[in-house]
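Student:
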Amino acid sequence: MRKHYSGIDAADEGEIAHGGGISGDEDGDGDDDDDDDDDDDDDDDDDDDDDDEKYKSIVVVVVVVVVVVVVVVVVVVVVVSLS
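All the letters of the sequence shown, read from the start, carry residue numbers 232 to 314 under the numbering used here.
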């Protein structure tokens with residue numbers, strides 16, 4: 232009778248792991264559904280581009296706000312010192 236191992240024990244015994252990794256990963260492909268498609272096939276780089284654009288716009292807004300605040304402070308200091 233053949234033993235079935237899972238996870239690290241399977242690697243130690245030279246067996247193929249059945250499931251493991253992600254909870255509910257019954258087919259061993261890295262996701263919790265039962266189709267044999269590898270998880271990497273579904274990755275879209277579009278999501279990363281959207282995130283990059285979002286962070287770039289946040290950085291631009293923060294830089295503009297900081298520049299405006301610095302200009303206002305400098306103007307106030309100059310006006311107060313001249314009066």
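By construction, the Cβ of each residue, glycine as well, lies at the ideal position given by its N, Cα and C atoms.
Short of 8 Å in beta carbon distance, which residues of its chain neighbour valine 295, apart from the five on each side in sequence? Order them along the chain.
Tutor: As a first step, residue 295 is located in the sequence shown; it is residue number 64 there, counting from the start. Cβ neighbours of valine 295 beyond the five flanking positions: none.
Student: Between the C-alpha atoms of serine 312 and valine 304, what's the straight-line distance to the nearest angstrom?
Tutor: Within the sequence shown, numbered from 1, the residue matching residue 312 stands at position 81. Within the sequence shown, numbered from 1, the residue matching residue 304 stands at position 73. When rounded, the distance between both Cα atoms is 12 Å.
Student: Grouping DSSP H, G and I as helix and E and B as strand, with all else coil, what is serine 314?
Tutor: Numbered from 1 along the sequence shown, position 83 holds the residue referred to as residue 314. Here serine 314 sits in coil by DSSP.
Student: CA-CA distance, glutamate 284 and valine 299?
Tutor: Here residue 284 is taken as the residue at index 53 of the sequence shown, counted from 1. Here residue 299 is taken as the residue at index 68 of the sequence shown, counted from 1. The straight-line gap from Cα to Cα measures roughly 23 Å.
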